[in-house]
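A.B. asks: Residue numbering for the sequence shown follows UniProt numbering, starting at 2 and increasing by one per position. Shown below is the structure under consideration.
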Amino acid sequence: TKKISIAIDGPAAAGKSTVAKIVAEKLSYIYIDTGAMYRAVTYKALMEGTDIHDEESLFRLLKGTTIDLVQESGLQTVFLDGKDVTKEIRNSNVTNNVSTVAAHGAIREEMVHRQRELGKRGGVVMDGRDIGTKVLPDSELKVFLLASVDIRAERRHKENVEKGYPSDLAQLKEEIMLRDKNDTEREVSPLVKAEDAIEIDTSTLSIEEVVAHIIALAKERI
Ligand code: C5P
Numbered sequence: 002t003k004k005i006s007i008a009i010d011g012p013a014a015a016g017k018s019t020v021a022k023i024v025a026e027k028l029s030y031i032y033i034d035t036g037a038m039y040r041a042v043t044y045k046a047l048m049e050g051t052d053i054h055d056e057e058s059l060f061r062l063l064k065g066t067t068i069d070l071v072q073e074s075g076l077q078t079v080f081l082d083g084k085d086v087t088k089e090i091r092n093s094n095v096t097n098n099v100s101t102v103a104a105h106g107a108i109r110e111e112m113v114h115r116q117r118e119l120g121k122r123g124g125v126v127m128d129g130r131d132i133g134t135k136v137l138p139d140s141e142l143k144v145f146l147l148a149s150v151d152i153r154a155e156r157r158h159k160e161n162v163e164k165g166y167p168s169d170l171a172q173l174k175e176e177i178m179l180r181d182k183n184d185t186e187r188e189v190s191p192l193v194k195a196e197d198a199i200e201i202d203t204s205t206l207s208i209e210e211v212v213a214h215i216i217a218l219a220k221e222r223i
């Protein structure tokens, strides 16, 4: 059978990675979490004291950085220069600075290049903000996931609590709104629904329902 590419975009905490991971597993495709790549370089910049507003320094930093995404039995591990940073890249310091790093054109260009390399053989589910519009504009299936900001904040809060991470609902909502604003208003590859993307509002849907919907759309195209 044909191996297609599936692009999943949408605002922060819309459930993209949860859904993308399961869809990839069901189709035996590889899953690529592009947000984790931006988070990893942000984490490194913060650790090393690189000014996140300085595009050139950041670009030099990224050029000397390897980021590997490893999937194993439904779990993703993120390696930054060979070191496991899966947990660290989700902390609020990274979360609140990543959209500044991701707004730099030179950073995006390098990331898009790496992401295309990872996706070029097809059989891939990639999630992010610019996958359907920029990274994989020829993908056979483009999905844009949406949910209200209240629902997204509540879901993320619940997830944090379950994982035992500290979490404040009101603060989460603020952070999500700010990240969406930055991602939508930036000049280079802003978050926008691709013309040919299929919009799914997940506000009243379960994870299973969203997955089933996407699998059905994929099967029409395989
Ligand atoms: O998907 P996640 O929320 O982990 O992404 C973190 C941040 O990385 C986003 O808020 C956005 O600033 C950036 N990002 C991006 N383009 C992508 C994926 C993520 O700009 N394709």
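C-beta atoms are modelled at their ideal positions from N, C-alpha and C, and glycine is treated no differently.
(1) Would Thr205 be called buried (16 or more neighbouring beta carbons within 10 Å of its own) or exposed?
(2) Are the CB atoms of Thr181 and Ala8 nearer to each other than 8 angstroms?
(3) Would you check whether the ligand C5P has a heavy atom nearer than 7 angstroms to the C-beta of Gly16?
(4) Is it the case that the Cβ atoms of Met127 and Val113 are separated by a distance below 8 angstroms?
(5) Just grab the DSSP bridge partners of Gly129 for me.
(6) May I have the straight-line CA-CA distance separating Val150 from Leu192, to the nearest angstrom?
(7) Assign Asp69 to one of three DSSP states: helix, strand, or coil.
(8) Can you name the start and end residues of the beta strand (DSSP E) that Glu143 belongs to?
(9) Hey, how far is the Cα of Ala25 from the Cα of Val125?
(10) If you follow the beta strand (DSSP E) that Ile216 is in, where does it begin and where does it stop?
(11) Counting only runs of 3+ residues fully inside the segment 65-124, write out the beta strand (DSSP E) ranges in chain order.
(12) Check whether the Cβ atoms of Ile216 and Phe145 lie closer than 8 angstroms to each other.
C.D. replies: Taking the definition as stated:
(1) exposed
(2) Per the sequence presented here, residue 181 reads as Asp, with Thr not at that position. No, the pair does not count as a contact, with Cβ atoms beyond the cut-off.
(3) No, Cβ of Gly16 sits at least 7 angstroms from all heavy atoms of the ligand C5P.
(4) no
(5) Gly129 is bridged to Asp10.
(6) 15 angstroms
(7) strand
(8) Looking at the sequence shown, residue 143 is not Glu but Lys. It spans Leu142 to Leu147 - the beta strand (DSSP E) in which Lys143 sits, taken as one unbroken run.
(9) 7 angstroms
(10) No beta strand (DSSP E) contains Ile216, which is instead part of the alpha helix (DSSP H) from Ile208 to Arg222.
(11) Counting only unbroken stretches of 3 or more residues, the beta strand (DSSP E) elements lying wholly within the segment 65-124 are 68-73 and 76-81, in sequence order.
(12) no
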